[in-house]
Amino acid sequence: MNNSKTRQSVFAIVMFPLFFILLLSISCKEERDDIPIQVAVFKAEKGVGPSSEDMILALGSSDSINIRVVRITSDEIRAGKLADIDVLVHPGGSGGAQGRDLDTLGREAVREFIRGGGGYLGVCAGAYLATNEYPWSLNLIDARVVDRKHWARGKGMVGIEYSSDGADFFNYDFDEMMIYYGQGPLLARREWDDPDVPDYESLAIYSTEIAENGAPEGIMVGNSAIVSV
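Sequence positions in the sequence shown follow this note's numbering and run 438 to 666.
Right, here's the structure in full:
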């Protein structure tokens, strides 16, 4: 196990081109390259979409980073198995179902893991889960979800615009990128500060939008696409 935990966690609401960059950025390794980064992808009967299997297969085929990928259930999280993990990934699916599956003890175990320096990567549903917006939230970031009514606003390619810190963080040479959007949350700061939940830094915002299924236009652009704490 990697005894040194990362002190920065990233919450992504995008799908695949950024996943490996995010994982590489939030994960830390000891100086010995033969010690793999221990990555646990959340598993549950309900609330975890099929994209999690694609993610696991892609991670397992990576030659650019030394990682070991395992699946982890709510029962294992509640039993303390996160002690053997460096990065916890909550994938796409249903944030509500994942949060309810964790239950109160599981959600607190995840928060304790983060407080101890563990890394968290929330993809789509995992980003909903990271907010303090819902009763089942992990309360990892002080963020509201914009336009909750139209969460199913569509899927497709959208543009994101990096902040200067975001471009540096991902070591990316361009200000903008096209990514696949899969109905993830639109994150924004609250009108008031919750002193018990960490503020976030916005690393990228949406520069174009999808407004289908009755979702109003002009809502998506300018809200956060990738945040970190």
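We put the beta carbon where it would ideally sit given N, CA and C, even for glycine.
Residue i, buried or exposed, once every other Cβ within 10 Å from all chains shown has been counted against 16
i	result
R469	Confidence in R469 is poor, its pLDDT being 49 and thus under 50, which makes the residue's placement too unreliable to answer from.
M614	buried
P528	buried
D610	exposed
S464	Since pLDDT at S464 reaches only 41, below the 50 mark, its modelled position is unreliable, and no value is offered.
A567	buried
G555	buried
P632	exposed
P487	exposed
P572	exposed
A542	Sequence check: residue 542 is Leu here, not Ala. Per the 10 Å Cβ criterion, exposed.
E646	buried
E467	Annotation note: pLDDT 46 at E467 (below 50); position unreliable, coordinate value reported separately. It counts as exposed.
G536	buried
Continuous alpha helix (DSSP H) stretch holding residue i: start and end
i	result
R544	G532 to R552
G603	S601 to F607
L496	S488 to G497
L640	Counting along the chain, L640 falls outside any alpha helix (DSSP H), though it belongs to the beta strand (DSSP E) covering E638 to Y643.
G619	Not the alpha helix (DSSP H): G619 falls in the beta strand (DSSP E), residues E613 to G619.
L558	That residue, L558, is in no alpha helix (DSSP H); its beta strand (DSSP E) goes G556 to V560.
Whole-angstrom distance between residue j and residue i, CA atom to CA atom
i	j	result
V506	I493	7 Å
N660	D471	40 Å
K592	M657	13 Å
A662	K483	25 Å
D579	I616	25 Å
V524	F479	11 Å
I390	I514	There is no way to answer for residue 390, as the model of the chain reaches only from 438 to 666.
V547	D491	24 Å
Q475	A495	15 Å
M485	E570	According to the sequence displayed, residue 485 carries Val and not Met. V485 and E570: Cα-Cα distance of roughly 20 Å.
A652	F607	31 Å
V664	I502	23 Å
V666	V634	10 Å
Top-ranked residue by Cα proximity to residue i, from the options
i	options	result
Y618	S488, G651, V595 and I502	V595
N497	V485, A477 and A481	Sequence inspection shows Gly at residue 497; the Asn mentioned does not correspond to that position. When each option's Cα is compared against that of G497, the closest is A477.
A481	D633, D538, A567 and L623	D538
G553	T568, G536 and D521	D521
E725	H587, Y637, P473 and G533	This structure cannot speak to residue 725, because the chain is shown only from 438 to 666.
A589	R626, R544, Q620 and I551	Q620
D612	G655, Y599 and R627	Y599
Extent of the continuous beta strand (DSSP E) run through residue i
i	result
R515	Per DSSP, R515 belongs to no beta strand (DSSP E); it is in the alpha helix (DSSP H), S511 to R515.
L525	V524 to H527
V476	I474 to F479
S665	S661 to S665
task: May I ask you to verify whether the segment 581-588 touches the segment 596-616, counting CB pairs closer than 8 Å and requiring at least 3?
output: no
query: Do the segment 639-650 and the segment 566-577 touch if we need at least three Cβ pairs shorter than 8 Å?
result: no
message: Does the segment 549-564 come into contact with the segment 529-536, if we say contact requires no fewer than three beta-carbon pairs (one atom in each stretch) closer than 8 Å?
response: yes
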